Amino acid sequence: MIVSWLRVFSATLGSLYFIVALLSIYNWASETLSIGTGPVISEFAPGDLGMFIIYLAVGLSLLVAAFSKPDEMRRVAFMLVGSLLGTAALIVQLLVAIAGLADMYVLAMAGEEAEFSLALELVRAEVILGIPALIALKFAFSKARALGVRF
Amino acid sequence: METKAVAKPLMMAMAGNPNVGKSELFNAITAGHAWVGNWPGVTVEKKMGRARMGDLEVEIVDLPGIYGLTAYSVDELVARDHIVKEKPDVVIDVINATSLERNLYLTISLLEMGANVVVALNMIDLAEKKGLKIDAQRLSSLLGIPVVPTVAIERRGVEQLRRAVLEAAENPRRNVEIVDYGRDMEEAIAKLSSTLETLGSVEGYEPRWLAIKLLEGDPEVEKIVGEGSVLAEASEMRRRLEDKLGSLEDYIIGKRYEAASRITSLSASLLEAAKAGVTLTDIFDEVLTHKVIGIPAALAVLYLIFRIAFEVSAPLVDLIDVTVNGWLHDATLMLAIPTWISSLLADGIIAGVGAVLVFLPTIYFFFLGLSFLEDVGYMSRLAFLVDRAMHLFKLSGKSVIPLIIGFGCNVPAVMAARAIEDENDRKTTALVSPLASCSARLPVYLVIGGALFGVYAGAAALSMYVIGIVLALLMAVFFRKVMFRGPSSGFIMELPPYLRPRTRSVLFKAWERTEKFLRKAGTIIFSVAVIIWLLSVTGPGGYLGPEALGSPALLEGSWVGALGHAVEPVFAPMNWDWRAAAALVFGFLAKEVVVGTMGVLYGGGGGTLMAKLASAFTPISGFAYMLFVLVYVPCVATIGVIKSELGAKYAAIALVYELVLAYVVALMAMGAGALLGV
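Line order of the protein sequences matches chains A and B. Converting from the first sequence to this note's numbering requires adding 843 to each position, the first position being numbered 1. Converting from the second sequence to this note's numbering requires adding 173 to each position, the first position being numbered 1.
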């Protein structure tokens with residue numbers, strides 16, 4: 844069985860991703876369609892439809908891993924894919940941050956000023972939640988191995 | 174043999190199922206000495222290469238990836254025709270060792286045709302990892318032909334394969350009677366074969382293969398045989414046999430699979446440890462092909478690819494922009510050469526080609542992502558996921574492959590539709606696949622999006638991809654209801670195991686695709702940039718000089734101005750000026766040219782192109798322009814391919830419907846903008 848603390852971990856992380864997904868779609872609607880009272884912590888949960896889908900996919904997968912029927916293999920499968928997607932989003936965001944930094948230097952070389960804040964790139968949800976997702980990925984792989992999954 | 178080799182190079186063909194590593198093996202053997210042409214009569218890409226094997230010059234043809242040799246798909250027909258008519262000295266059949274039984278079906282079909290086959294048992298490393306032990310020698314003796322284990326991606330076994338091919342060319346081994354079809358059927362085959370041996374029209378063909386095909390009722394083979402009395406005899410035999418055995422086509426396929434299964438069980442064994450248990454592929458597929466979670470997961474994967482393509486490539490894009498459009502452009506203008514030459518170089522060639530070249534990193538990163546997904550094995554899952562949805566739009570699940578390929582380039586997308594067996598599905602898919610937004614349109618979205626939508630430029634560009642697919646699906650429903658009525662065909666697709674992507678393969682595939690874009694920039698866009706410059710510095714009133722590029726008043730009096738003004742009224746409802754209209758006209762040659770033309774027409778007189786576009790368009794007229802570029806006539810090359818694949822009538826239909834649709838969609842965007850007060 845997926846040990847209960849791992850299920851709790853998966854449920855917590857999944858819920859956080861799901862909440863960020865809701866915030867992200869709200870921020871998108873707020874910025875694009877002027878709905879509501881304005882964006883909420885948009886540095887953390889950017890109003891971006893694409894990111895909304897990523898947060899949603901990770902959140903749903905981890906929640907299914909925590910709450911689906913007592914089928915261990917199924918739980919491991921959802922945890923593995925959910926955490927893998929979360930980790931991929933983390934890696935891509937880190938690449939984007941590095942690219943932003945490099946871009947600033949390229950533009951500076953050409954005498955152009957560019958606004959860029961590394962801190963803002965690193966406080967996004969995919970980075971903050973990506974670290975526990977990476978840990979979840981490690982656990983999911985270990986669990987899959989323990990269940991006899993052939994790699 | 175040596176006399177033959179001196180007289181002409183050894184002819185080889187490479188056959189195999191899709192995704193068996195055929196291209197890697199082809200590249201390993203030819204060491205990059207390859208070129209691309211077309212098969213006679215159809216626009217199916219024909220890849221050829223040359224290699225030296227010992228003292229011999231060898232010419233290799235890479236046949237399309239196929240599962241069998243029926244006459245149902247253009248690919249299979251092309252491969253079959255090549256083997257039957259060109260009679261290559263050796264056919265290398267590349268087999269995926271992890272799916273031995275299924276791959277052997279094609280081997281058996283090749284042997285029945287009388288081909289001199291050498292099997293490359295590829296991906297043997299993966300088979301071993303899966304616990305599958307294949308005795309290559311035993312397999313060789315069962316098939317009666319040489320079998321060489323290979324790992325093409327690591328170049329393992331390639332030398333042994335070369336030696337086996339030379340040996341096979343010297344001592345051909347054929348095994349046409351690989352399948353025993355049972356007494357009744359064998360009697361009929363023998364009788365028909367002996368009749369066919371006396372016919373002059375089928376000289377050079379393998380009589381047993383022709384006899385089997387006639388009994389199957391293969392229309393192409395019936396055409397080859399031609400002789401009415403033989404056809405009548407075959408038809409009578411078929412009728413009698415079907416009374417006893419049921420559908421002969423199904424019976425023959427069944428017998429071939431029986432043979433493949435027997436050979437597999439005698440030559441391969443699954444290690445005990447591998448028989449039970451779940452694989453990582455099973456685990457991933459549980460989620461990634463899940464009908465609910467699979468969809469957001471797929472969209473998430475695609476969006477990550479987009480982020481890499483658009484955002485991670487940004488410093489490289491700016492580096493090229495600063496170097497080419499900034500430093501090189503300015504330095505050229507300062508050269509001590511006649512003004513018209515420096516203007517032609519800087520404002521014509523560098524501005525035109527440079528405006529497109531800056532998107533090279535974005536396009537490379539995009540192809541890198543697509544190649545990665547292909548090599549991992551995710552693309553087929555994507556097709557599987559959308560199959561049900563595709564049926565709602567009266568399309569086959571296979572139609573999604575051309576649409577995805579269309580994101581790269583519409584030419585191979587239209588060509589990819591030929592793998593769809595159902596005629597109506599194939600025609601519909603070929604007609605709507607140009608609506609998938611190809612990489613050539615991307616620079617237009619980025620330049621206009623960047624100018625008008627700021628941080629939302631990426632979202633605006635992404636919306637074009639979504640709208641393109643939505644329009645393609647809606648047009649598919651329209652075509653299926655109006656022109657190609659009937660049910661859509663079923664969908665059979667292999668879901669290969671997930672594989673760890675090989676860096677070299679992913680980088681190579683991405684580069685191969687990007688190179689085509691680069692070649693276009695160096696040829697078509699270069700030529701068009703020169704033509705546009707010439708048309709900009711001359712006009713009905715004579716030579717205007719390079720000053721015209723810096724003076725809107727002078728430029729209006731040029732030939733480009735005249736052309737732009739001639740078509741401008743058509744686009745008046747969208748508020749596009751004559752320069753934007755002229756760019757659309759030139760964009761018919763290739764969509765990349767739209768940005769190149771804008772670079773020349775809006776470029777002169779100081780200030781960046783984006784700043785000038787920001788003042789020439791409003792957000793809504795810019796968005797409508799992006800929509801028009803997405804939908805309006807595909808480039809000349811795509812129209813040419815549609816003509817070759819479907820005929821001139823359908824090429825004309827594609828041309829007209831896309832123009833009308835583009836206009837309507839752009840008008841609707843303007844209307845929506847007016848309603849929303851944007």
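Note that beta-carbon positions come from the ideal geometry of N, C-alpha and C, so glycine has one too. All values reported here derive from a predicted model rather than from experimental measurement.
Secondary structure of B:Pro-322 (DSSP, three-state): strand. Inside the stretch 698-762 of chain B, DSSP marks no whole beta strand (DSSP E) run of 3 or more residues. For B:Phe-457, the residues of chain A that pass the 9 Å Cβ criterion are Ala-920, Leu-923, Val-924, Leu-927, in the order they occur in the chain. If you look at B:Lys-258, you'll find it isn't in any beta strand (DSSP E); DSSP assigns it neither H nor E. Taking B:Thr-601 as the centre and dropping the five residues before and after it, the same chain places the C-beta of Leu-568, Ala-649, Phe-652, Arg-653, Phe-657 closer than 7 Å to its C-beta, in chain order. Between B:Asn-348 and B:Gly-317, the C-beta gap is smaller than 8 Å, which places the two residues in contact. Secondary structure of B:Leu-828 (DSSP, three-state): helix. With respect to the 8 Å criterion, B:Pro-616 and B:Val-529 are classified as neighbours on the basis of their beta carbons. Contact holds between the stretch 619-637 of chain B and the stretch 878-898 of chain A, because three or more Cβ pairs, one in each stretch, are under 8 Å apart.
Three or more Cβ pairs closer than 8 Å define a contact, and the stretch 280-291 of chain B meets that threshold against the stretch 265-272 of chain B. A check of alpha carbon separations from B:Asn-276 across B:Ile-233, B:Tyr-430, B:Asp-494 identifies B:Tyr-430 as the nearest.
When A:Val-970, A:Arg-918, A:Ala-951, A:Val-863 are compared, the shortest CA-CA separation from A:Thr-930 is found for A:Val-970. For the options B:Ala-721, B:Lys-417, B:Phe-538, B:Val-605, the alpha carbon positioned closest to that of A:Val-939 is the one of B:Phe-538. Counting along the chain, the unbroken alpha helix (DSSP H) around B:Asn-597 starts and ends at 596-605. The three-state reading of DSSP puts B:Ile-793 in helix, counting H, G and I together.
Annotation: the continuous alpha helix (DSSP H) that includes B:Ser-516 extends over 512-516.
Rounded to whole angstroms, the separation of the alpha carbons of B:Asp-458 and B:Leu-672 is 13 Å.
With contacts defined by Cβ atoms closer than 8 Å, A:Val-907 and B:Ile-468 do not form a contacting pair. B:Gly-542: member of the alpha helix (DSSP H) spanning 533-549, first to last residue.
Secondary structure of B:Ile-281 (DSSP, three-state): helix. For B:Gly-659, the closest alpha carbon among the candidates B:Arg-599, B:Thr-696, B:Gly-712 is that of B:Arg-599.
For A:Gly-879, the closest Cβ of chain B is not nearer than 8 Å.
The beta-carbon separation of B:Leu-372 and B:Glu-393, rounded to 16 Å, does not stay under the 8 Å limit for a contact. With contacts defined as CB atoms closer than 8 Å, B:Val-584 and B:Ala-726 fail to qualify as a contacting pair.
The C-beta of A:Ala-951 comes no closer than 8 Å to any C-beta of chain B. For A:Leu-977, not one C-beta of chain B is nearer than 8 Å to its own C-beta. Under DSSP, the beta-bridge partners assigned to B:Glu-232 are B:Met-184, B:Arg-223. Collapsing the DSSP output to three states places B:Asn-269 in a strand.
By the criterion of a C-beta distance shorter than 8 Å, B:Ile-523 is surrounded in its chain by Val-497, Asn-498, Leu-501, His-502, Thr-505, once the five residues flanking it on both sides are discounted.
Assignment of beta-bridge partners to B:Ser-442 by DSSP yields B:Lys-306.
The alpha-carbon of B:Ala-624 is positioned some 37 Å away from that of A:Ala-976. For B:Asn-200, the enclosing alpha helix (DSSP H) stretches over residues 195-203. The three-state reading of DSSP puts B:Leu-294 in strand, counting E and B together.
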